[in-house]
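> What follows is a structure written as structure tokens; I'll ask about it next.
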Amino acid sequence: MIEFNALRRLDESNILPELRQTLAGYIAEDAPSAVHVQWGGAIPLIFKAVTDTDEQVIQPFASAWSILAAFLERLDHLEDGDTDVLSVTTASPVKLMGIHYNRVIGYFFLATGILDLLDYQRIPERRIHRLRRYWSDCLLRAVSGQQCDLESQLALQDDCRLEGRAALEAYQRATQAKAGPIFALAFGGTAILATDDDVIINALMLAGEAYGTLLQYGDDVSDVDSEGDSMLTLPKAYSAARGVQGLPDTHELNSYWNVIYTAYIQQVERTLTQVPIAVQESMRSIFRQTFECRQATENTQ
Amino acid sequence: MIDPNNNLTDLLGSLPNLADLAELYWKTASHDIAHLVHQASSDVIQALQGDHSPLGNELSKLDVPLRFSWRRD
């Protein structure tokens with residue numbers, strides 16, 4: 001469905017072949033991942049739980065968000081200089097980076113353009129209008145978080161290192177801002193299209209914010225040895241905070257991760273008590289599929 | 302209709318603070334260890350030094366059980 005919606009918007013847009021070919025290639029590469037909950041697969045599940053109606057109506061939003069998530073992944077690689085194209089041509093690196101950024105920006109516009117496929121006959125116009133505004137708000141905040149993160153890398157390179165609580169607070173500020181709104185948009189945006197009930201909408205916005213933030217924390221914990229020195233990651237912020245307490249720098253990140261995860265889940269659970277059981281269960285399922293696979297596996301054995 | 306901006310602003314402070322969680326975690330762990338040291342200091346010291354005594358095994362259980370794992374498909 002993502003490929004269908006994305007290619008349809010490319011064809012409707014009278015796009016020139018130079019960019020169309022690249023974007024079609026991106027779509028073919030990225031669409032298979034969208035069945036997973038963290039790449040958009042959660043959206044139909046949430047919609048079904050809120051409305052108990054045909055999931056088809058939410059597919060344009062699921063497609064748009066999935067392309068958005070794929071765009072952000074590609075942008076992240078570009079910002080990290082993670083591209084092999086520079087080595088296969090003699091063109092200047094600046095020109096090549098310009099070409100790459102233009103392609104990726106085209107991908108972002110495609111994501112936004114897929115929202116135009118939302119069916120005004122089946123979704124009230126006020127909800128679509130509200131979604132579009134929330135889409136913009138979330139993305140602006142995410143970009144501000146990414147900017148904060150990138151600038152903190154410059155500060156670290158200049159040896160302006162944070163200590164104590166300040167390290168963890170700075171890390172959380174940037175991480176929550178850059179990762180939280182993307183999933184607040186996925187979960188809360190689905191609710192906006194599905195209902196006018198602000199209790200449900202707010203609960204799913206918070207759940208999405210927590211989910212996205214936990215994804216980034218979890219990435220940092222699992223990639224403890226692979227991040228470069230210039231990144232302020234959770235392990236580094238934790239170590240800096242611990243050092244000021246006069247505590248030894250031990251390898252206990254998994255235990256700390258458990259404390260974080262438990263506290264965040266409890267916060268989400270408190271919010272979910274106000275929403276219908278089907279919505280609660282869908283959210284628990286999404287968190288469990290993403291974060292608790294070992295526990296789930298052990299329980300079924 | 303509630304302004305989505307206002308909703309989001311209300312939500313921003315709603316997630317637990319990492320620094321608070323870290324301090325709570327250290328405080329709890331320190332309290333447990335201090336209690337054990339008070340009960341049987343030599344055994345605890347041995348355990349801390351890497352002795353796999355029964356108490357050392359108990360001490361290792363003080364860590365929060367690793368209940369959750371992590372994956373990205």
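If you read the sequences in order, they're chains A and B. For the first sequence, the working numbering gives the first residue as 1, with consecutive numbering after it. For the second sequence, the working numbering gives the first residue as 302, with consecutive numbering after it. Every residue gets a Cβ at the ideal spot worked out from N, C-alpha and C, and that includes glycine. All values derive from a computational prediction rather than experimental measurement.
#1: Pull up the distance between the alpha-carbon of Ala-34(A) and that of Lys-95(A), whole angstroms please.
#2: Output, in chain order, the set of chain B residues within a Cβ distance shorter than 8 Å of Glu-29(A).
#3: 8 Å is my cut-off, CB to CB: does Thr-195(A) come that close to chain B?
#4: If we ignore side chains and look at the alpha-carbon of each, how far apart do Ser-315(B) and Ala-210(A) end up?
#5: DSSP three-state call for His-36(A): helix, strand or coil?
#6: Cβ atoms of Leu-185(A) and Gly-218(A): under 8 Å apart, would you say?
#7: Would Leu-253(A) and Pro-235(A) qualify as a contact pair, given that the criterion is a beta-carbon distance under 8 Å?
#8: Residues of chain B with a CB under 7 Å from the CB of Arg-165(A): which are they?
#9: Using a Cβ-Cβ cut-off of less than 7 Å, give me the residues of the region 186 to 219 of chain A that come near chain B, in sequence order.
#10: When burial is assigned at 16 or more other CB atoms within 10 Å of the CB, is Val-275(A) buried or exposed?
#11: Examine chain B for any beta-carbon lying closer than 8 Å to the beta-carbon of Leu-272(A), and answer yes or no.
#12: Suppose you measure from the CA of Arg-127(A) to the CA of Leu-110(A); what does that come to, to the nearest Å?
#13: Does any C-beta atom of chain B lie closer than 8 Å to the C-beta of Val-259(A)?
#14: Taking C-alpha atoms, which residue in Val-221(A), Tyr-107(A), Pro-32(A) lies nearest to Arg-20(A)?
#15: Would you mind stating whether Ala-320(B) and Arg-165(A) have Cβ atoms separated by less than 8 Å?
#16: Hey, Ala-191(A) and Ile-182(A): beta-carbon distance below 8 Å or not?
#17: Mind checking whether Leu-131(A) and Ile-286(A) have CB atoms under 8 Å apart?
#18: Quick test of your reading: Val-57(A) and Arg-133(A), contact by CB under 8 Å. State the CB separation rounded to the nearest angstrom.
#19: Taking Cβ positions, are Ser-63(A) and Asn-5(A) nearer each other than 8 Å?
#20: Since Val-104(A) contacts Leu-75(A) with CB under 8 Å, what's their CB separation in whole angstroms?
#21: Using CA coordinates, which residue listed in Ala-203(A), Val-279(A), Phe-291(A) is at the minimum distance from Ala-49(A)?
#22: On the criterion of 16 or more Cβ atoms from any shown chain inside 10 Å, does Val-199(A) qualify as buried, or is it exposed?
#23: Name the residue from Asn-102(A), Ala-167(A), Asp-54(A) whose alpha carbon lies nearest to the alpha carbon of Asp-119(A).
#24: Output needed for Tyr-256(A): all residues of its chain with C-beta closer than 8 Å, excluding positions within five of it in sequence on either side, in chain order.
#25: Can you find a CB in chain B that lies within less than 8 Å of the CB of Leu-168(A)?
#26: When burial is assigned at 16 or more other CB atoms within 10 Å of the CB, is Ile-27(A) buried or exposed?
#27: Kindly indicate which residue of Leu-193(A), Pro-17(A), His-100(A), Glu-3(A) has the alpha-carbon position closest to the one of Phe-47(A).
#28: Taking just the CA atoms, how far does Glu-79(A) sit from Met-231(A)?
#29: Would you verify that the beta carbon of Gln-280(A) is, or is not, closer than 8 Å to some beta carbon of chain B?
#30: Could you have a look at Glu-79(A) and say whether DSSP puts it in helix, strand or coil?
#31: Identify each residue in the region 103 to 132 of chain A for which the Cβ-Cβ distance to at least one residue of chain B is less than 8 Å, and report them in chain order.
According to the data block:
#1: Taking the first sequence and counting its residues from 1, the one referred to as residue 34(A) is at position 34. Taking the first sequence and counting its residues from 1, the one referred to as residue 95(A) is at position 95. The straight-line gap from Cα to Cα measures roughly 32 Å.
#2: Translated into positions along the first sequence, residue 29(A) becomes position 29. Correct list: empty, because the minimum Cβ distance to chain B is about 15 Å.
#3: Walking along the first sequence from the start, residue 195(A) turns up at place 195. For Thr-195(A), the answer is no, since every Cβ of chain B falls outside 8 Å of its Cβ.
#4: Counting from 1 along the second sequence, the entry for residue 315(B) is found at position 14. Counting from 1 along the first sequence, the entry for residue 210(A) is found at position 210. Answer to the nearest angstrom: the Cα atoms are 9 Å apart.
#5: As a working mapping, residue 36(A) is identified with position 36 in the first sequence. His-36(A) falls in the coil class under three-state DSSP.
#6: Counting from one through the first sequence, the residue named residue 218(A) turns up at place 218. Counting from one through the first sequence, the residue named residue 185(A) turns up at place 185. It is not a contact, given that the beta carbons lie outside the stated cut-off.
#7: By one-based count along the first sequence, residue 253(A) stands at place 253. By one-based count along the first sequence, residue 235(A) stands at place 235. Taking 8 Å as the Cβ cut-off, Leu-253(A) and Pro-235(A) qualify as a contacting pair.
#8: The residue you call residue 165(A) lines up with position 165 of the first sequence. The contacting residues are Ala-320.
#9: Asp-198, Asn-202, Met-205, Leu-206, Glu-209, Ala-210, Thr-213, Gly-218
#10: Here the question's residue 275(A) lines up with position 275 in the first sequence. It is buried - the Cβ of Val-275(A) has at least 16 other Cβ atoms within 10 Å.
#11: Position 272 of the first sequence holds residue 272(A). Leu-272(A) does not count as touching chain B.
#12: Working through the first sequence from its first residue, we reach residue 127(A) at position 127. Working through the first sequence from its first residue, we reach residue 110(A) at position 110. When rounded, the distance between both Cα atoms is 21 Å.
#13: Numbered from its first residue, the first sequence carries residue 259(A) at position 259. So, interface residue.
#14: Here residue 20(A) corresponds to residue number 20 of the first sequence, with the count starting at 1. Nearest C-alpha to Arg-20(A): Tyr-107(A).
#15: The residue given as residue 320(B) occupies position 19 in the second sequence. The residue given as residue 165(A) occupies position 165 in the first sequence. Yes, they are a contact pair.
#16: Within the first sequence, the letter at position 191 stands for residue 191(A). Within the first sequence, the letter at position 182 stands for residue 182(A). Cβ atoms of Ala-191(A) and Ile-182(A): not closer than 8 Å.
#17: As a first step, residue 131(A) is located in the first sequence; it is residue number 131 there, counting from the start. As a first step, residue 286(A) is located in the first sequence; it is residue number 286 there, counting from the start. No, Cβ-Cβ distance for Leu-131(A) and Ile-286(A) is not below 8 Å.
#18: Stepping through the first sequence from its first residue, residue 57(A) is reached at position 57. Stepping through the first sequence from its first residue, residue 133(A) is reached at position 133. With 8 Å as the limit, Val-57(A) and Arg-133(A) do not qualify as a contact, their Cβ atoms being about 20 Å apart.
#19: What you label residue 63(A) is simply residue 63 of the first sequence in a count that begins at 1. What you label residue 5(A) is simply residue 5 of the first sequence in a count that begins at 1. Yes. Within cutoff.
#20: If you number the first sequence from 1, residue 104(A) lands on position 104. If you number the first sequence from 1, residue 75(A) lands on position 75. Sure, about 5 Å apart at Cβ, within 8 Å.
#21: Indexing the first sequence from 1 puts residue 49(A) at position 49. The option with the nearest alpha carbon to Ala-49(A) is Val-279(A).
#22: Residue 199(A) sits at position 199 when you count from the first residue of the first sequence. Classification for Val-199(A): exposed.
#23: By 1-based counting over the first sequence, the position of residue 119(A) is 119. Here the closest residue by C-alpha is Asp-54(A).
#24: Residue 256(A) sits at position 256 when you count from the first residue of the first sequence. For Tyr-256(A), where only same-chain residues beyond five positions count, the Cβ hits under 8 Å are Tyr-238.
#25: In the first sequence, residue 168(A) corresponds to position 168, counting from 1. Yes, its Cβ sits closer than 8 Å to a Cβ of chain B.
#26: Start at 1 with the first residue of the first sequence, and residue 27(A) comes out as number 27. Buried, since its Cβ has 16 or more Cβ neighbours within 10 Å.
#27: Residue numbering aside, residue 47(A) sits at position 47 when the first sequence is read from its first letter. Of the candidates Leu-193(A), Pro-17(A), His-100(A), Glu-3(A), the one whose C-alpha sits nearest the C-alpha of Phe-47(A) is Leu-193(A).
#28: Counting from 1 along the first sequence, the entry for residue 231(A) is found at position 231. Counting from 1 along the first sequence, the entry for residue 79(A) is found at position 79. The straight-line gap from Cα to Cα measures roughly 13 Å.
#29: Within the first sequence, the letter at position 280 stands for residue 280(A). No, no contact with chain B.
#30: On the first sequence, residue 79(A) is found 79 positions in, with the first residue counted as 1. Correct three-state label for Glu-79(A): helix.
#31: Arg-126, Arg-130
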